[in-house]
Ligand SMILES: Cc1cc2nc3c(=O)[nH]c(=O)nc-3n(C[C@H](O)[C@H](O)[C@H](O)COP(=O)(O)O)c2cc1C
């Protein structure tokens, strides 16, 4: 397994739309003692307040929600294709009922200022929370009818990308 290389986000040469929508990512937050991760395929990357940012959308009923709420740092980990089943697991089972690290065999790496991400990842974003807000008001009726008949809304978390690491394997 390659070592992570620290890169400037402007040097990412992958199509970020494909990565998010097709490959998915793990959102991870917490402390060495207690953390959780979940799969996400909704997200956005861009520039805001002159900073590189990542925006994630987490429903209130996810266990991961409380970890992202409570901690300053969250990470986004993308993986080589062969980890699809791991991502499916982390996207269908809750950390409330499963120890996802034990179940998936992923190896978490713990850093004081970089949060928690995974040895098996091939692209990682370390994000520091800047802002969060529920996406609830002024939603078009067709979006409410399609996604929120249960009234469990998403909270948007905007994080400044503090560090980005990549490996060459695909
Ligand atoms: C492909 C895929 C993408 C997902 N994307 C999101 C997302 O962007 N936001 C979200 O709140 N849940 C998303 N989920 C659902 C959570 O990953 C799922 O509910 C997970 O079990 C939550 O785990 P937790 O309770 O341990 O946090 C997605 C699930 C899958 C399979």
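Residue numbers (our numbering): 7 to 176. Quick reminder that beta carbons are idealized off the backbone N, C-alpha and C, glycines included.
Q: Take residue 53 as the anchor and find which of 170, 69, 165 and 85 has the nearest alpha-carbon.
A: Mapped onto the chain shown, residue 53 falls at position 47. For residue 53, the nearest C-alpha among the options comes from 165.
Q) For residue 69, does the three-state DSSP call read helix, strand or coil? A) The residue you call residue 69 lines up with position 63 of the chain shown. Note: residue 69 maps to helix in three-state DSSP.
Q: With a threshold of 16 other CB atoms inside 10 Å of the CB of residue 163, please say whether the residue is buried or exposed.
A: In the chain shown, residue 163 corresponds to position 157, counting from 1. Buried, because 16 or more other Cβ atoms sit within 10 Å of the Cβ of residue 163.
Q. Residue 170 to residue 150, Cα distance in whole Å?
A. Taking the first residue of the chain shown as position 1, residue 170 is located at position 164. Taking the first residue of the chain shown as position 1, residue 150 is located at position 144. Cα to Cα, the separation comes out at about 34 Å.
Q. Based on Cα-Cα distance, which residue from 47, 68, 60 and 161 lies nearest to residue 85?
A. Looking up residue 85 in the chain shown gives position 79. Measuring C-alpha to C-alpha distances from residue 85 to each of 47, 68, 60 and 161 identifies 47 as the nearest.
Q. In terms of residue numbering, what span does the alpha helix (DSSP H) encompassing residue 109 cover?
A. What you label residue 109 is simply residue 103 of the chain shown in a count that begins at 1. Counting along the chain, the alpha helix (DSSP H) containing residue 109 begins and ends at 106-110.
Q. Are the segment 33-52 and the segment 145-159 in contact at 8 Å, needing three or more beta carbon pairs?
A. no
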